[in-house]
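Notes for the one structure printed next.
Number of protein chains: 2
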Amino acid sequence: MNEQKTHEDLLNYYIGLLSKIQHYREMAGLAHWDMATYAPKQGKSMRSEALGTLSTEAFKMSVSPEMQNILTELSEEEHFNKLPEKYQRSIKKDIKHLDKFRKIPEDQYRDYVVLTSKAQNIWEKAKEDNDFETFQPYLEKIVDFNQRMAKLVGYEGHPYNALIDRFEEGMTVEKLDTTFGELKRGIQGILDKIKNSSKTLNKRLESVNLSVEKQKILSEKILEKIGYDFECGRLDESVHPFTIGLNPKDVRVTTRYQEDFFKTALFGTIHEGGHGMYEQNIPLELFKTSVGSAASTGMHESQSRFWENVVGRSEAFWKGLLPEFTELFQDEIDKLTLEEMVDYINIVEPSMIRVEADELTYSLHIILRYELEKDLIDGKISVKDLPKLWNEKMKEVIGIEPKDNREGVLQDVHWAGGMFGYFPTYALGNLYSLQLTEALKKDLTDFTTLIENHNFAPIKGWMIEKVHQRGNLRTAEELIKEITGEGLSVKPYLSYLEDKYKKIYQF
Amino acid sequence: MNEQKTHEDLLNYYIGLLSKIQHYREMAGLAHWDMATYAPKQGKSMRSEALGTLSTEAFKMSVSPEMQNILTELSEEEHFNKLPEKYQRSIKKDIKHLDKFRKIPEDQYRDYVVLTSKAQNIWEKAKEDNDFETFQPYLEKIVDFNQRMAKLVGYEGHPYNALIDRFEEGMTVEKLDTTFGELKRGIQGILDKIKNSSKTLNKRLESVNLSVEKQKILSEKILEKIGYDFECGRLDESVHPFTIGLNPKDVRVTTRYQEDFFKTALFGTIHEGGHGMYEQNIPLELFKTSVGSAASTGMHESQSRFWENVVGRSEAFWKGLLPEFTELFQDEIDKLTLEEMVDYINIVEPSMIRVEADELTYSLHIILRYELEKDLIDGKISVKDLPKLWNEKMKEVIGIEPKDNREGVLQDVHWAGGMFGYFPTYALGNLYSLQLTEALKKDLTDFTTLIENHNFAPIKGWMIEKVHQRGNLRTAEELIKEITGEGLSVKPYLSYLEDKYKKIYQF
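Going down the list, the protein sequences come from chains A and B. According to the numbering used here, the first sequence is numbered sequentially starting from 97. According to the numbering used here, the second sequence is numbered sequentially starting from 97.
Structure (C-alpha cells):
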C-alpha cells in the first residue's frame with residue numbers, strides 16, 4: 097500500500113480481500129454440504145484434504161499481513177470516520193479476529209480442519225457401531241487442539257471463555273453458570289409440576305407410522321408456508337440436520353425422516369427453516385463485509401427455536417394445519433383432533449436424544465453438555481471417561497440413563513466437528529426466542545390469529561426488520577437490548593413454559 | 097529454494113504445490129457439478145463469482161514463480177535423472193503448460209471463467225426461449241477471448257491449433273482436415289448405401305413412452321453391470337449430461353431422461369459410464385502428479401464411445417439384456433424381439449441434435465462444428481452469422497435443416513463453456529474406440545460371448561490395464577501406437593461401420 101492510494105482504493109482493496117475469503121468459505125461450505133448429503137462413500141476422505149486446503153487458505157488470508165496492513169490503514173482516523181457503519185463494524189471485527197487467531201500456526205489449523213472433517217465420518221460409523229473406542233483418539237486430538245487454541249487466543253477467567261466467544265461474543269462461563277443455573281431450576285420446577293399432575297396425555301400418535309414420501313411433502317409445504325425461499329435454497333436429507341448459508345441466495349437446509357417418529361422431520365424441518373430464513377435475509381450489501389452474518393450463534397438459534405416451538409408447537413399453528421395434515425395422512429391416521437395433536441407434540445418425557453427431546457427438557461440436554469465441555473477444556477475430566485460421565489450426568493440432570501453410547505455420548509456430531517463452545521448457544525437461543533416473541537407481540541397484537549391463519553408474512557417481516565437485516569452490526573447482547581430494552585433474560589422463556597404446560601398438563 | 101534443499105525436499109515441495117492446485121480444481125469441479133444438478137435457481141450467479149476466484153487461483157499457482165522455480169530446479173540433470181518416469185513426464189507437462197499459459201493475464205483469465213460460467217446459464221435460458229440474440233454477445237466475448245488466447249500461447253499453422261492442443265496434444269487442423277475428410281467420405285458412402293437399401297426397419301419403439309422412474313432403475317443397473325463403481329461415484333440428472341472426476345474416488349456422471357425417447361438416457365448413461373470408469377481407474381499415485389488424467393480428451397471419448405456403441409448398441413449386449421429389459425417394461429412394451437430392439441437402436445436417420453444422433457451420422461455433426469469452429473477462430477466467419485451458417489452446413493453435411501435455433505446452433509452447451517477445440521475429440525474418440533476394439537479382440541478372443549453374458553469384468557480390466565492406469569504418461573498418439581502398433585487411423589472405424597450396417601440394412 098503506498099501513500100497515493102485514495103480512500104476508495106483502500107476500501108476496494110479491503111472489499112476484494114473479504115470477497116476472496118468469502119468465496120473460499122462458500123466453496124468449503126459447499127463441500128461440507130456435499131459430504132453430508134450426496135458425496136459417494138469413498139470420496140469423502142480425499143474431500144477432507146481438499147476442504148483442509150481451502151479452509152486453511154481462507155484462514156491464512158484472514159490473518160495475513162495484507163489483511164493486517166489494510167485494516168491498519170483503514171483504522172486511521174481520516175479513513176475510518178468517513179466509512180459507513182457497516183465497514184467500521186466490519187473492520188473492528190476483523191481486527192479482533194486477527195489479533196486473536198494469527199497466533200494459531202497455519203499448519204496446525206490445517207491439520208485441525210482435516211481432522212474434524214475426517215472425525216465426522218469416523219463418528220458416523222462409530223455411532224452406527226456403538227463403538228466409542230474408535231472415536232476416542234479423534235476426540236482426544238480435537239479436545240487437545242481446543243485447549244491449545246484457548247491458550248493461544250487468550251481469555252480472562254475460564255479457558256472455555258475463549259471458545260464460547262467464537263460463537264457468542266462476550267459470553268462467559270461466569271455468566272452462563274448464573275443463567276443456566278436459573279434456567280435449570282426453573283425447568284426442573286415445571287417438570288416436577290408435570291410429574292405431579294394427574295393429567296395423562298393421549299399417546300396414540302406414538303404408534304403411527306407415516307410414509308417418508310408424505311413426510312417429505314409435508315416438510316416442503318411447511319417450509320414454503322413459513323416463508324423459506326426455495327429459489328434460494330433446497331431441502332435434503334442428512335444424518336444430522338443442518339442449515340448452511342453458502343450465500344444469501346443459496347441457503348440449504350437438511351432434515352431426517354423416521355417413519356415411526358414423524359416429529360423428527362416435522363420439527364427438524366421447521367427448525368432448520370428458521371435458521372434458513374435468517375441466512376436468506378442477510379442483506380447482500382452486508383454480506384460483502386465481515387458483518388454479513390448472524391448476530392451470534394445463539395441469536396441464530398433463537399430463529400430456529402422460535403419457528404419450531406413458539407410457532408410450530410402452538411395450538412394456533414395446528415388449528416391452521418390440521419385439515420391439510422389429516423388429508424395427507426388419511427390412510428395412516430383416523431379421526432385426529434386438534435387437542436390430541438397438540439398434546440402429542442407437547443408430551444413431556446425425559447429422553448435420551450437431544451434432537452428428539454421435548455421442548456421442556458431440551459435445555460437440560462444442553463446444560464449437561466455445557467457442564468461436560470467446560471470441564472473437558474480445563475482438564476478436570478478426560479475424554480476416555482466421557483461415556484461414564486455422560487451417563488451419570490444424564491441421570492443427575494435429566495433423570496434417566498442411556499442403555500449404550502449410541503444414545504449416550506455418541507449421539508451428536510458436534511464434538512466430532514470440533515464445535516466446543518457451541519452447545520450453550522442452543523439454550524441461549526431458547527431464551528432469546530421468547531424475549532423476541534414478547535417484543536413481537538407488542539407490535540403484532542394479532543400474533544395468535546396470524547398463526548392460526550398461517551399468515552406468516554408479517555411475522556417473518558418483523559424478524560427480518562428487527563433481526564435478519566441487521567446482520568452482525570450488533571452483537572446478540574446489543575441487539576436484544578435494542579429490540580427489547582433489556583439484556584439476556586431467562587424470565588420470558590420460563591414464564592412461556594409455565595403458561596404452556598399449565599394449560600396442557602392442567603397443574 | 098536454497099542450496100541445502102535435498103532432492104527429496106524439492107520433490108515434496110513440487111508434490112505439495114500440485115496437490116494444492118488439485119484441491120482447488122476439485123472444489124471448482126464440485127461447484128460445476130452442483131450448478132448443473134442441485135444448486136437453487138438464484139444461487140448460481142454468485143456461485144459463478146466464487147468459481148471464478150477459485151479457478152483463477154488454481155491457474156495462478158500453475159504459472160506462478162514458485163512453480164517455475166521448482167520446475168527449473170527439478171529439471172536439472174542431477175535431479176531429473178533420479179526421478180521416476182511419472183514425475184519426469186509430469187514436470188515436462190507442467191513446463192509446457194507454464195511456458196504457454198503464463199502469457200495470459202490473470203485478470204483476463206478470471207473474467208473468462210466467470211463469463212463462461214454465466215454464459216452457460218444464459219445459454220440454458222436462450223435455448224429454452226429459442227433466442228440466439230441474448231446469447232450472442234456472450235458467445236462473441238468467448239470467441240474473442242479464444243482468438244486472443246491462441247495468439248498469446250502461440251501456434252504453428254492455423255490459430256485453431258493452439259486451442260485443439262489443450263485437449264488433444266499435438267493434433268492440428270492440418271491433420272484433422274485429412275482425417276475428417278476421409279471419415280466424412282466413408283460415412284457418406286455408407287449413408288448412400290443405406291438410403292439405397294430396400295430394407296425398412298421396424299419403428300414401433302419410437303412411439304412407446306417409458307416411465308422415467310423405470311428408466312432410472314435401468315440406467316443404474318447398466319452402470320453397475322459394466323463396472324462403474326457407485327462407492328466412488330453417483331448418477332444424477334442434468335440438462336447436458338456430463339462426467340466429472342473430482343478425484344478417482346469421486347467421479348460423478350449425469351444423464352437426461354425423456355419419457356418419449358428412452359435412447360437418450362440409455363445410451364447417454366452408458367456413454368458417461370465409460371468416461372466415469374476411465375476417471376475412476378486413474379491410479380491414485382498418478383493422480384498426485386500432473387499426469388494423473390486421461391491421455392487426451394479424444395482418448396477419454398474412446399472409452400465412452402466404446403461402451404456406448406461397440407458394446408451398448410451391439411446385438412450381443414441386447415441378447416444379454418433383453419430378458420431384464422422386457423420384464424422391467426412389461427406394462428409398456430409387448431412382445432419385444434431381439435431383432436426389433438437391435439434394429440431400433442441402430443436406425444440411421446439424419447437428425448438435428450448431435451446427442452440424439454444415430455451412430456453413423458454422429459461424426460458428421462462433429463465435422464460440422466469443427467468446420468465452423470476453425471473458421472470462427474481465424475475470423476473467416478462471425479458469431480452473428482452462426483445461426484444461418486449452421487443451418488446451411490447442416491443441409492450440406494447432414495442433408496437436413498433445423499426449424500429453429502433451439503435445434504440448430506443453440507443445441508449444445510460447449511461454446512457457452514468456452515470449449516473451443518474440444519469438438520474434434522468427439523470424432524477422434526470414435527476412431528480410437530475401434531482401434532482399441534481391434535487390439536482388445538486379439539487378447540480377448542471371446543469378446544462377443546463376454547458381452548452376451550454381460551461378463552464385462554475382463555473387458556473393463558483390459559481397458560484399465562492398457563488405457564486407464566497409464567493416465568497421461570503417454571499422449572493419445574503415443575498410447576495408441578503402444579497398444580495397436582499404429583497411429584490414429586480411420587480404417588478400423590469405417591470397416592466396423594460398414595460391417596455393422598451391411599448386416600442391419602442388408603446392403
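Idealized CB from N, CA, C, for every residue including glycine.
> Mind listing which residues of the region 220-242 of chain B have their C-beta closer than 8 Å to chain A's C-betas, in chain order?
Replying inline: none
>> Would G394/B and G525/B qualify as a contact pair, given that the criterion is a beta-carbon distance under 7 Å?
In response: yes
> Among V406/A, R465/A, E423/A, which one has its Cα closest to the Cα of G442/A?
Replying inline: Going by the sequence as given, residue 442/A is Asn instead of Gly. Among V406/A, R465/A, E423/A, the Cα nearest to that of N442/A belongs to V406/A.
> Within 7 Å (strictly less), CB to CB, does M142/B reach chain A?
Replying inline: yes
>> Give me the DSSP bridge partner(s) of E333/A.
In response: T351/A
> Does DSSP put G606/A in a helix, in a strand, or in coil?
Replying inline: Nothing about residue 606/A can be read from this structure; chain A reaches only from 97 to 603.
> Rounded to a whole number of angstroms, what is the C-alpha to C-alpha distance between S392/A and D195/B?
Replying inline: 49 Å
> Who are the neighbours of A146/B on chain A, taking C-beta pairs under 7 Å?
Replying inline: H119, E122, M123
>> I need the boundaries of the beta strand (DSSP E) containing I340/A, first residue and last residue.
In response: 339-343
> Any beta-carbon of chain A closer than 7 Å to the one on Q602/B?
Replying inline: no
> So, helix, strand or coil for D346/B, using DSSP?
Replying inline: strand
> Given a threshold of 16 other Cβ atoms within 10 Å of its Cβ, counted over all protein chains shown, does F326/A qualify as buried or as exposed?
Replying inline: exposed
>> Tell me which residue opens and which closes the alpha helix (DSSP H) that T268/A is part of.
In response: T268/A -> no alpha helix (DSSP H), and no H or E assigned at all.
> Taking three-plus beta-carbon pairs below 8 Å as touching, is the region 526-543 of chain A in contact with the region 571-588 of chain A?
Replying inline: yes
> For the region 528-542 of chain A, which residues have a beta carbon sitting closer than 7 Å to at least one beta carbon of chain B?
Replying inline: none
> Are the C-beta of Q138/B and some C-beta of chain A separated by less than 7 Å?
Replying inline: yes
> Could you give the residue range of the alpha helix (DSSP H) that holds N526/A?
Replying inline: 520-539
> Is the Cβ-Cβ distance between L235/A and W403/A less than 7 Å?
Replying inline: no
> Assuming S132/B contacts T350/B under a Cβ cut-off of 8 Å, what Cβ separation, rounded to an integer in Å, is found between them?
Replying inline: According to the sequence shown, residue 132/B is Ala rather than Ser. Indeed, because the Cβ distance is near 7 Å, the residues count as touching under 8 Å.
> Where C328/A and M373/A are concerned, what is the direct C-alpha to C-alpha distance, given to the nearest angstrom?
Replying inline: 10 Å
> Got a sec? Which residues, its chain only, sit under 7 Å from L114/B by beta carbon, not counting five neighbours each side?
Replying inline: K384, T385, S386
> Of the residues Y134/B, E381/B, I117/B, which one's Cα is nearest the Cα of K182/B?
Replying inline: E381/B
> From T505/A to T545/B, what distance separates their C-alpha atoms?
Replying inline: It should be pointed out that residue 505/A corresponds to Val in this sequence rather than to Thr. Roughly 56 Å separates the two Cα atoms.
> Sorted by chain position, which residues of the same chain lie with C-beta nearer than 6 Å to K310/B's C-beta, five sequence neighbours on each side aside?
Replying inline: L424
>> My output table needs one value for E381/B: the three-state DSSP class, helix, strand or coil.
In response: helix
> Looking only at C-alpha atoms, which of T360/A, N343/A, G323/A, G341/A sits nearest to E333/A?
Replying inline: T360/A
>> Restricting to runs no shorter than 4 residues, where is the alpha helix (DSSP H) found entirely within the region 566-600 of chain B?
In response: 572-580
>> Nearest by alpha-carbon distance to V438/A: which of L272/A, P446/A, T457/A, E411/A is it?
In response: E411/A
> Interface residues of chain B around R330/A at Cβ under 7 Å?
Replying inline: Y134, P136
>> Pop quiz: Q565/B and S293/B are said to be a contact at Cβ under 8 Å. What is the actual Cβ separation, rounded to whole angstroms?
In response: Contact flag wrong, Cβ pair sits at about 43 Å.
> Does the region 132-141 of chain A come within contact of the region 185-195 of chain A, defined as at least 3 CB pairs closer than 8 Å?
Replying inline: no
> Hey, N487/B and E503/B: beta-carbon distance below 7 Å or not?
Replying inline: no
> K199/A: which of L179/A, D207/A, A246/A, F176/A sits nearest, CA to CA?
Replying inline: A246/A
> For R401/A versus S529/A, is the C-beta distance shorter than 7 Å?
Replying inline: yes
> In chain order, what residues of the region 256-267 of chain B put their CB closer than 7 Å to some CB of chain A?
Replying inline: none
>> I want to see whether chain A comes within less than 7 Å of L114/B, judged by CB atoms only; does it?
In response: no
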